[in-house]
Structures are given as C-alpha cells and as structure tokens.
Amino acid sequence: MARPLLIASIAAIATTAAIGTAALGQVRHDSNAPIDFAAPHAELQDRSGRAVLWGGVRLNQGNMTLTAERVTVTYTGQITDGSPSVSRFDAAGGVTVTRPDQTARAQYGVYDINKRTITMMGNVSLVQGSNRVSGGRLTLNLDTGRASMDGSGVGTTKAPDGSVIQSGGRVTGRFTVPKRD
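The sequence shown lines up with residues -22 to -1, 1 to 159 when you count with mature numbering (1 follows the signal peptide of the UniProt record, and there is no 0).
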C-alpha cells in the first residue's frame, strides 16, 4: 500500500522538477519595459495595424532578447499619429528567447503583451545550465516565472533520409545531479 503512494509521490516530484526546474529560478520579467527592435527589413501595414520585420530580427525588452527570421507586430492605434499600442509579436523561423539564466528555442513563438506570456511551438528546447527539457509547446508566464511544457506541437522532426525522428507527444529532458563526496 505504501509503495504505490511512494511511486505516485516520486512521479509528482519528478513532474514538478521537470516543469519547475525548467523555469529554474526565473527572475520576474519587467514586461512594462520598452521593447527595442532591429531588423534589416520592415514593412508598415498601418491600416491593418501590423508591422512585419524580417531578415534576422532582434527584440530586446529588459533582460530578455527574442530573435527570429521574421516577426509580425500587431498594434492598435496608428503609427502616423504617434499613438500605437503593441499587443502581440508573432515570430517564425529559428525563434530564440534568452534571459540571463536560460535559453528557449523553437520554430514559432508568440509574445502576448497583454497576457505577459510567451508561447513557443515546434521542436522546443529549454536550457538552463546543464539542465535541458524538450517538447512540442512551451508557455512562459513572465509575471510568475512559471514555465510549462507539453508534448503537443507543430509537425514532426525528420532525418535527412525522411524517417521520423520525433513526432511529439512527450516531454523529455535531462537534469544534472551534483557530485557528492
């Protein structure tokens, strides 16, 4: 009777470690800080409330950096009258989010300014030090520092010969254990 309880407790701790340690002591992000951007190309679609940046985009907000091949910025208000309010960034192509102690990579990412969340999809990896967690979708809550990963995601990973290497459905990872005397 005690053994199933012990196994359930270990599973609960391992799951918490996998997700909680993925967040590994994140510091609260200042999502009210201004967002600076740089890109080789930009197209303003003011009537649609969008700006498209491409060719290797870099966004910086506080101590966080997002890089991607292409980013679509959604805003309300008009640039021409000087009162736009950005609400969302949709990134595609080698999306990387770095913070002082961690790096997350994926095929796609969405930074929802109003919800203060970043959702990354498609072959996601989250690395902090020598700890690594991989899955299909990662959600980072910038207010709480909580990271949740699940196995769902975008597409599959294929080897050069066309065979499927990874088809999603599971979160995997490795946690390092300190050496003991």
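Virtual Cβ for every residue (Gly too), placed ideally from N, Cα, C. Since the model is a prediction, treat every value here as computed from it, not as a measurement.
Self-check item: Best match in I13, I91, A82 and P156 for proximity to M99 [C-alpha to C-alpha]
Solution: In the sequence shown, the residue the question calls residue 99 occupies position 121. Taking only the C-alpha atoms, the option nearest M99 is A82.
Exercise. Excluding the 5 residues preceding and the 5 following T45 in the sequence, name in chain order all residues of the same chain whose CB lies nearer than 6 Å to its CB.
Key: Start at 1 with the first residue of the sequence shown, and residue 45 comes out as number 67. Excluding positions up to five away in sequence, the list reads R36 and T74.
Exercise. Take R48 as the anchor and find which of R158, G123, D8 and Y86 has the nearest alpha-carbon.
Key: Within the sequence shown, numbered from 1, the residue matching residue 48 stands at position 70. Of the listed residues, the one whose Cα sits closest to R48 is Y86.
Exercise. Give the secondary structure of S65 by DSSP, where H, G and I count as helix, E and B as strand, and everything else as coil.
Key: By one-based count along the sequence shown, residue 65 stands at place 87. Here S65 sits in strand by DSSP.
Quiz prompt | Status (buried if at least 16 other CB within 10 Å, exposed otherwise) for A1 | solution = Translated into positions along the sequence shown, residue 1 becomes position 23. Confidence is the limiting factor: at A1 the pLDDT is only 40, short of 50, which leaves the residue's position unreliable, though a coordinate-based value still follows. It is buried - the Cβ of A1 has at least 16 other Cβ atoms within 10 Å.
Quiz prompt | Range of the contiguous beta strand (DSSP E) that encloses V35 | solution = As a first step, residue 35 is located in the sequence shown; it is residue number 57 there, counting from the start. Unbroken beta strand (DSSP E) run through V35: R28 to Q39.
Quiz item: Grouping DSSP H, G and I as helix and E and B as strand, with all else coil, what is D90?
Solution: Locating residue 90 in the sequence shown gives position 112, where the first residue counts as 1. Secondary structure at D90: strand, using DSSP grouped into helix, strand and coil.
Quiz item: DSSP state of R25, grouped into three classes?
Solution: Translated into positions along the sequence shown, residue 25 becomes position 47. DSSP places R25 in helix when its eight states are reduced to three.
Quiz item: Helix or strand or just coil, what does DSSP make of G3?
Solution: Walking along the sequence shown from the start, residue 3 turns up at place 25. At G3 the pLDDT is 42, less than 50, meaning the model places this residue with poor confidence; the figure from the coordinates comes in the next sentence. Secondary structure of G3 (DSSP, three-state): coil.
Quiz item: Do D68 and T50 have their C-beta atoms within less than 8 Å of each other?
Solution: Translated into the one-based positions of the sequence shown, residue 68 becomes position 90. Translated into the one-based positions of the sequence shown, residue 50 becomes position 72. Contact flag set, yes.
Quiz item: Between the Cα of W32 and the Cα atoms of A17, R25 and R158, which residue gives the shortest distance?
Solution: Taking the first residue of the sequence shown as 1, we reach residue 32 at position 54. Checking every option, the nearest Cα to that of W32 belongs to A17.
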